[in-house]
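*Asks:* The structure under discussion is supplied below as structure tokens; questions concerning it will follow.
Chains as they are written, first to last, in this note's numbering: chain A, 667 to 1016; chain B, 667 to 1016.
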């Protein structure tokens, strides 16, 4: 273990010193990234393709808890949530800018850990870091990422294109990231009550991985293109299935009917959620942070989407007058409401 | 005066309600802004022009003090500092994304005030607000702005293009924003000691305006183009003349020689700084936040730049071996050092 005195105070470096250190190994991978870090602005050349931009702000104590979020994972995840927004447009991320506000409780080594995770995610998904800002904060850590993406004009998929009878598809499984959060919060409570206790995370690798190290479904964007499927609408699942479905319905001016039994939930997550006395489907609908893709396709694409590994067709789009409905296992119809994790409310509103 | 109970708590609205309210009147002005707020990402079409991107993070207690920063001015200034970065590339800003982390001490009305100032700056400088993120924070306010700009390829001006014998030009005057800060801080101290006292800001309109409501020098970008002047290097003065000059010298691998007597300082700011026992040239060199442009031009452009209103030619570029030098009124040569306002250090290091 490194002694406390081995850590470097950020004040000793100053802003420019810190930026130089954090960004020294950043190499640009895209031809479009003409000029990266080091001037007043980066210069990007998108030629005749379309440029997409999205931004996310992550705040300590609101979006992440340093008690169980390893720094490298925090960096990785903060990039991933942004890349996922570009995947949700059926496009590819190309560049990011990274801004950090850091309080004096963080050492240089801590900030480097965060940056390592960011660089790892950017390398994995071939995204160039082209700029940013680094400053101090009076308390806590604040991470602001802006991501740019690129797509051919006719490939971009908005939330607004769903039509009646379109099939509603979701990738992977839902609710596991929330189950992972519950495990981590339980162990934190145990630790606070008894600081000598070792965290019991055994057997929960999958759900903890879903919470701490989500991945953007850019593989699905590639696969859809290869298979010649152009979704009619698309969104990523950050707040929970219900909230995202309502966004599509509202933007596309339509209703939806989904079937409870079709909602994909991982087996381990299912039992764990029951252990926590949470109805697993409630976690899938409202837990959020799964970063899977939710999209609609024309019925004529059914034979094709069936072939996508791990994809579930969970329902179809209806007329706006029919509202957003879920048909339960027993055949009753309930109205979908967005109870998703709202960053401005407390986290326990599930 | 509005009663405290008339203010709206942000929690009552939720994130989506707040975003809807803040962004309801935003209209897009650029053809390139194909899709703004309302999907996972904005869609921009830059055709064959180059796209520029820059980002800034402003933190309460570090970059601004709510004790004397009116909310609307804060919003306005947070946009301006970003637009200034694009001006510093000899380009025009076109779109911004706005992210806010807000603590519960702020009411909806307070956040709307900030947004009003942001919208005002965006309207004035014809910039589209195309996205953002709004979240809570545990303490204080954090503002993250990313700006995109556009330019013809051969017009973009980097920090790296200055050559030996090029003339060093600076727009407007320097040090006044710092003088304004000193006045505001003095009145805050008086107010804290005696809350009944009225702030005495009379006669200090110019310097206070420079601190609270800076403007990006996009007029200079237009003028340079009209006059057929292409600067060899350019940067905006956010940290102070000395720090910015050193950036140009380092990126262009050159030295510089500037003349103390040529540094433009406003008369009112000059007397005020002396009143505060600050050497006015020290404030100009290291005070920062003036958001003027510092650029270099070929000597052959001298007759043209002379015609730019309010422009000062303060020196010339020298060989790298000669370092960064200032020739004082008495003819002695001193080495320029960056003592500019470093966001990671205390503010009083002038």
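Note that beta-carbon positions come from the ideal geometry of N, C-alpha and C, so glycine has one too.
For chain A, find out if any of its Cβ atoms is closer than 9 Å to the Cβ of residue 998 of chain B; answer yes or no.
*Replies:* With 9 Å as the cut-off, residue 998 of chain B does not count as an interface residue toward chain A.
*Asks:* Ignore the nearest five residues each way along the sequence and tell me which others in residue 746 of chain A's own chain have a CB closer than 7 Å to its CB.
*Replies:* Excluding residues within five positions, the ones whose Cβ falls inside 7 Å are 787, 880, 881, 882 and 957.
*Asks:* Any beta carbon of chain C sitting closer than 9 Å to that of residue 740 of chain B?
*Replies:* Absent here is chain C; the protein component of the structure consists of chains A and B.
*Asks:* Going by other Cβ atoms of all chains shown within 10 Å of its Cβ, with 16 needed for buried, is residue 952 of chain A buried or exposed?
*Replies:* buried
*Asks:* Taking DSSP as the reference, what is the three-state secondary structure of residue 1001 of chain B?
*Replies:* strand
*Asks:* Can you give me the start and stop residues for the alpha helix (DSSP H) that residue 761 of chain B sits inside?
*Replies:* Element bounds for residue 761 of chain B: not the alpha helix (DSSP H) but the beta strand (DSSP E), 758-768.
*Asks:* How many Å lie between residue 822 of chain A and residue 712 of chain B at the Cα?
*Replies:* Residue 822 of chain A and residue 712 of chain B: Cα-Cα distance of roughly 15 Å.
*Asks:* Comparing the C-beta of residue 834 of chain A with each C-beta of chain B, is any distance below 9 Å?
*Replies:* Not flagged as an interface residue toward chain B: residue 834 of chain A, since no C-beta distance is shorter than 9 Å.
*Asks:* Roughly how many angstroms separate the alpha carbons of residue 999 of chain B and residue 986 of chain B, rounded to a whole number?
*Replies:* The straight-line gap from Cα to Cα measures roughly 16 Å.
*Asks:* So, is residue 945 of chain A buried or exposed, given that buried needs 16 or more other C-beta atoms within 10 angstroms?
*Replies:* exposed
*Asks:* Please decide whether residue 717 of chain B counts as near chain A, where near means a Cβ-Cβ distance under 9 Å.
*Replies:* It does; some Cβ of chain A falls within 9 Å.
*Asks:* By the three-class DSSP mapping on this structure, what secondary structure does residue 654 of chain A have?
*Replies:* The structure shown does not extend to residue 654 of chain A, since chain A is modelled only from 667 through 1016, so no value can be given for it.
*Asks:* Does the CB of residue 619 of chain B have a neighbour CB from chain A at under 9 Å?
*Replies:* There is no way to answer for residue 619 of chain B, as the model of chain B reaches only from 667 to 1016.
*Asks:* Report, in whole angstroms, the separation of the C-beta atoms of residue 914 of chain A and residue 841 of chain A, which I expect to be a contact under 8 Å.
*Replies:* About 19 Å separates the two Cβ atoms, so there is no contact after all.
*Asks:* Could you tell me whether any Cβ in chain A is nearer than 9 Å to the Cβ of residue 989 of chain B?
*Replies:* Not closer than 9 Å to any Cβ of chain A, the Cβ of residue 989 of chain B fails to qualify, so no.
*Asks:* Closest Cβ-Cβ distance between residue 917 of chain A and chain B: below 9 Å?
*Replies:* yes
*Asks:* Can you tell me whether residue 739 of chain A is buried or exposed? The criterion is at least 16 other CB atoms within 10 Å of its CB, across all chains shown.
*Replies:* buried
*Asks:* Is there contact between the stretch 747-765 of chain A and the stretch 881-895 of chain A, where contact requires at least three CB pairs shorter than 8 Å?
*Replies:* Touching, per the Cβ criterion.
*Asks:* Would a check of beta-carbon distances place residue 1014 of chain B closer than 9 Å to chain A?
*Replies:* Note on residue 1014 of chain B: pLDDT 35, under 50, position unreliable in the model; the coordinate value appears next. Answer no: the Cβ-Cβ gap between residue 1014 of chain B and chain A never drops below 9 Å.
*Asks:* With burial defined as no fewer than 16 other Cβ atoms inside 10 Å of the residue's Cβ, what is the status of residue 960 of chain B: buried or exposed?
*Replies:* buried
*Asks:* Can you give the Cα-Cα distance for residue 802 of chain B and residue 688 of chain B, rounded to whole angstroms?
*Replies:* Taking the straight line from one Cα to the other gives about 15 Å.
*Asks:* Can the beta-carbon of residue 763 of chain A be found closer than 9 Å to that of residue 796 of chain A?
*Replies:* A Cβ-Cβ contact shorter than 9 Å links residue 763 of chain A with residue 796 of chain A.
*Asks:* Is the beta carbon of residue 923 of chain A closer than 9 Å to that of residue 828 of chain A?
*Replies:* no
*Asks:* Hey, residue 744 of chain A and residue 721 of chain B are a contact pair by Cβ (cut 8 Å); roughly how many whole angstroms apart?
*Replies:* Not confirmed; about 14 Å, so no contact.
*Asks:* Threshold first: 3 residues or longer. Then list the beta strand (DSSP E) segments lying entirely within the stretch 849-927 of chain A, N to C.
*Replies:* 899-902 and 921-925
*Asks:* Spatial neighbours of residue 863 of chain A within its chain, please: CB distance less than 8 Å, with the 5 preceding and 5 following residues excluded, ordered by chain position.
*Replies:* 856 and 857
*Asks:* Could you check the C-alpha separation between residue 702 of chain A and residue 680 of chain A for me, to the nearest Å?
*Replies:* 21 Å
*Asks:* What are the uninterrupted segments assigned as alpha helix (DSSP H) that are 4 or more residues long and contained completely in the stretch 675-715 of chain A, given in chain order?
*Replies:* Segments of the alpha helix (DSSP H) lying fully in the stretch 675-715 of chain A: 676-689.
*Asks:* Going by beta-carbon coordinates alone, are residue 877 of chain B and residue 845 of chain B separated by less than 9 Å?
*Replies:* yes
*Asks:* In the DSSP assignment, find the alpha helix (DSSP H) that holds residue 982 of chain A and state where it starts and stops.
*Replies:* Unbroken run through residue 982 of chain A is the beta strand (DSSP E), 978-984; no alpha helix (DSSP H).
*Asks:* Kindly list the residues whose CB is nearer than 7 Å to the CB of residue 793 of chain B, restricted to its own chain and excluding five residues on each side of it in sequence; keep chain order.
*Replies:* 749, 759, 760, 761 and 762.
*Asks:* In the DSSP assignment, what residue or residues form a beta bridge with residue 717 of chain A?
*Replies:* A/816 and B/710
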